[in-house]
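Asker: Residue numbers (our numbering): -10 to 503. Every residue gets a Cβ at the ideal spot worked out from N, C-alpha and C, and that includes glycine. Remember, it's a predicted structure, so these values are computed and weren't measured experimentally.
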Ligand code: KIV
Ligand code: ZN
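#1: Compare the Cα-Cα distances from residue 263 to each of -8, 40, 453 and 329 and report the closest residue.
#2: Taking only the alpha-carbon atoms, compute the straight-line gap between residue 437 and residue 175 and give it to the nearest angstrom.
#3: Alpha carbon to alpha carbon, how far is residue 368 from residue 345? Give it in angstroms, no decimals.
#4: Could you tell me whether the stretch 10 to 21 touches the stretch 454 to 470, using the rule of 3 or more Cβ pairs below 8 Å?
#5: Give me the DSSP bridge partner(s) of residue 384.
#6: Assess contact between the stretch 289 to 299 and the stretch 240 to 260, defined as three or more Cβ pairs (one per stretch) separated by less than 8 Å. Is contact present?
#7: Quick check on the burial criterion: 16 or more other C-beta atoms within 10 angstroms. Buried or exposed for residue 351?
#8: Nearest by alpha-carbon distance to residue 35: which of 26, 63 and 53 is it?
#9: Within the continuous beta strand (DSSP E) that includes residue 451, where are the two ends?
#10: Is there contact between the stretch 380 to 396 and the stretch 404 to 415, where contact requires at least three CB pairs shorter than 8 Å?
#11: Is residue 93 near the ligand ZN - that is, is its Cβ less than 6 Å away from at least one heavy atom of it?
#12: Note down the Cα distance separating residue 81 from residue 218, rounded to an integer number of angstroms.
#13: Thinking just about the alpha-carbon of each residue, which of 17, 157 and 214 is nearest to the one in residue 237?
#14: On the DSSP letters alone, give me the boundaries of the beta strand (DSSP E) that residue 154 sits inside.
#15: Is the Cβ of residue 467 closer than 7 Å to any Cβ of chain C?
#16: Helix, strand or coil for residue 213? Go by DSSP, reduced to three states.
#17: Between the stretch 87 to 96 and the stretch 164 to 172, do at least 3 Cβ pairs fall closer than 8 Å?
#18: Quick check: does the Cβ of residue 135 come within less than 6 Å of any heavy atom belonging to the ligand KIV?
#19: Closer than 6 Å by C-beta to residue 225: which residues in its own chain qualify, once you throw out the five before and the five after it? Chain order, please.
#20: Please work out which residues of its chain come closer than 8 Å, Cβ to Cβ, to residue 471, disregarding the five sequence neighbours upstream and downstream, and give them in chain order.
#21: Among 321, 299 and 328, which residue has its Cα nearest to the Cα of residue 311?
#22: Check residue 64 in the structure and name its three-state DSSP category.
#23: Taking only the alpha-carbon atoms, compute the straight-line gap between residue 487 and residue 456 and give it to the nearest angstrom.
#24: Suppose the cutoff is 6 Å on Cβ atoms and the five residues either side in sequence are ignored; what does the same chain contact list for residue 133 look like?
#25: Taking residue 426 as the reference, give the member of 391, 281 and 381 with the closest Cα.
#26: Examine the Cβ distances between the stretch 85 to 93 and the stretch 43 to 58 and report whether three or more of them are shorter than 8 Å.
#27: Along the chain, which unbroken stretches of the beta strand (DSSP E) at least 3 residues long are found entirely within the stretch 306 to 343?
#28: Cα-Cα, which of 318, 386, 298 and 340 is closest to residue 357?
#29: Where residue 418 and residue 435 are concerned, what is the direct C-alpha to C-alpha distance, given to the nearest angstrom?
#30: Examine the ligand ZN and report whether any of its heavy atoms sits within less than 6 Å of the Cβ of residue 159.
#31: What residues in its chain sit with their C-beta under 7 Å from that of residue 170, if we drop five residues either side in the sequence?
#32: Just grab the DSSP bridge partners of residue 31 for me.
#33: How big is the Cα-Cα spacing for residue 120 and residue 182?
#34: What does the Cβ neighbour count give for residue 203, buried or exposed, with the cut at 16 atoms within 10 Å?
#35: Looking only at C-alpha atoms, which of 331, 265 and 360 sits nearest to residue 19?
#36: Closest by CA to residue 201, which one among 428, 343 and 233?
Here it is in structure tokens:
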């Protein structure tokens, strides 16, 4: 019988720590639901003591998501452990994940403690976490740069204190696969009570080795891998779940382990995480990149047509990729559009489909060929649609060389009012945004603005992602797609404002109902 490898997802915690990847509670819930569809074993939902928003998100995930165990991160401090225990109250399988740094540089320079003090804090934290749940994970942060003997001492002590998982992190992405694998093997051979705990690894990608190091650890006997969708995470990120899992599955002949992941959900998970974070997936990204299964060379195409396995080691359908189908155009009917939308992994309600089809027809009228990427951009607006407080009904932008960009904007509110104003800016988008700011009743600042062309050519659909930050530190991501980049920018801005207004009023009504 082959060993099962536990997949511990930390997209919502370490992934969300990537600068600019902030997700609000609702977005975290959407991602958590998709992680449950993927059938991950554990979802690390956040770090409750780090902010009220994180606490709220962990609580919401713990109360809503069924299936996977739900983990919360905590430093080795009583207040952190208590916050984690409290936030996880609604979870069926709560996991408290507590950590403290053990490398000399962290112990001496960051914590300003002795090794003995750190060991005592680790043991106390595990014991306190046990008051809340049986399932306690401990991580010696920066394990890859921790002296081996001390690492073994800490691991043995926390297992004695009740830790059921010991997670060995390569916090700074310093390890090299063969050396990391050998270290994990030696740790398993050396720590006398190691059989009482699951050995996990958590690898960062600073040298581009996070996946390779995770796989080396599995080979050496690790029973759990911590990873994120699309490999997002601190700095260069964490090990990408889709890569780790597909390597273990595709090379089962080599690893001889089992994973319980529903891999057909990878493509959709990747797109969702990209949508909510605004982090685009590079086209050549393994498993989920747009080109991951594209064959350009004639000789390859010929080979694949004759026998898929000549150039494909995985079936694209196994990761939820339906392949690039026919290019749609102005003559394509609703049936063809709806079929393609489904093949691309979207499930739309009839109303969402109608709206998306309407947009598709407008675009297909102006643009000869509508590609999958265009359809994804169009549909994404409908799939993640929220009630629209403000709707853009008129926009006139004037710009010229050496002139002052000017924008006139008319918005319609959900109660039928029309709001009109004009303004200037340093560029067209700036003029549009400054004018919209005058019209809407909300407080925020622009935290990020990304423009990308969905396909090639000057008639390409432009996609804009904006992030707005409110004074309480919450971030709302908006997206807009259009053949005109200024219009896409305006749509993205209004989409983010609508989200902000909607979620703020929802939170306010939840508070008054409590
Ligand atoms: O990278 C790291 O060390 C971590 C720990 C909290 C596990 O994220
Ligand atoms: Zn980490």
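Answerer: With the given structure in hand:
#1: Closest option to residue 263, Cα to Cα, is 453.
#2: Distance from the CA atom of residue 437 to the CA atom of residue 175, rounded to whole angstroms, is 45 Å.
#3: Spanning the two alpha carbons is a distance of roughly 6 Å.
#4: At 8 Å Cβ cutoff, the stretches touch.
#5: According to DSSP, residue 384 bridges with 398.
#6: Flag = no, the stretch 289 to 299 and the stretch 240 to 260 do not touch.
#7: By the neighbour-count definition (other C-beta atoms within 10 Å, threshold 16), residue 351 is an exposed residue.
#8: Looking at the Cα atoms, 63 is the closest of the given residues.
#9: Unbroken beta strand (DSSP E) run through residue 451: 451 to 458.
#10: Touching, yes.
#11: Remark: the shortest separation between the CB of residue 93 and any heavy atom of the ligand ZN does not fall under 6 Å.
#12: A straight-line Cα-Cα distance of about 24 Å links residue 81 and residue 218.
#13: For the residues 17, 157 and 214, the minimum Cα distance to residue 237 belongs to 214.
#14: Segment 154 to 159, the beta strand (DSSP E) holding residue 154.
#15: Looking at the structure shown, chain C is missing, and only one protein chain is on hand.
#16: Looking at residue 213 - three-state DSSP - the assignment turns out to be strand.
#17: With a cut-off of 8 Å, the stretch 164 to 172 and the stretch 87 to 96 do not count as touching, because too few Cβ pairs lie within range.
#18: Answer for residue 135: no, Cβ out of range of the ligand KIV.
#19: So the list reads 194 and 195, once near-sequence residues are dropped.
#20: When the five nearest sequence neighbours on each side are left out, the beta carbons in the same chain lying within less than 8 Å of the beta carbon of residue 471 are those of 450, 451, 477 and 480, in order along the chain.
#21: Of 321, 299 and 328, the residue nearest in Cα terms is 328.
#22: In this structure, residue 64 counts as strand in the three-state DSSP scheme.
#23: Distance between residue 487 and residue 456, taken at the CA atoms: about 12 Å.
#24: Only 159, 163 and 164 meet the Cβ criterion.
#25: Among 391, 281 and 381, the Cα nearest to that of residue 426 belongs to 381.
#26: The stretch 85 to 93 is not in contact with the stretch 43 to 58.
#27: Taking only runs of at least 3 residues, no beta strand (DSSP E) segment lies wholly in the stretch 306 to 343.
#28: 318 is the residue among 318, 386, 298 and 340 whose C-alpha sits nearest the C-alpha of residue 357.
#29: Taking C-alpha positions only, residue 418 is separated from residue 435 by approximately 12 Å.
#30: It does not: the Cβ of residue 159 is nowhere closer than 6 Å to a heavy atom of the ligand ZN.
#31: The residues are 205, 206, 208 and 209.
#32: Paired residues: -3 and 58.
#33: Looking at the two C-alpha atoms, the distance is approximately 22 Å.
#34: Looking at its Cβ environment, which holds 16 or more other Cβ atoms inside 10 Å, residue 203 is buried.
#35: Across the set 331, 265 and 360, the C-alpha of 265 shows the shortest separation from the C-alpha of residue 19.
#36: When only C-alpha atoms are compared, the closest one is 233.
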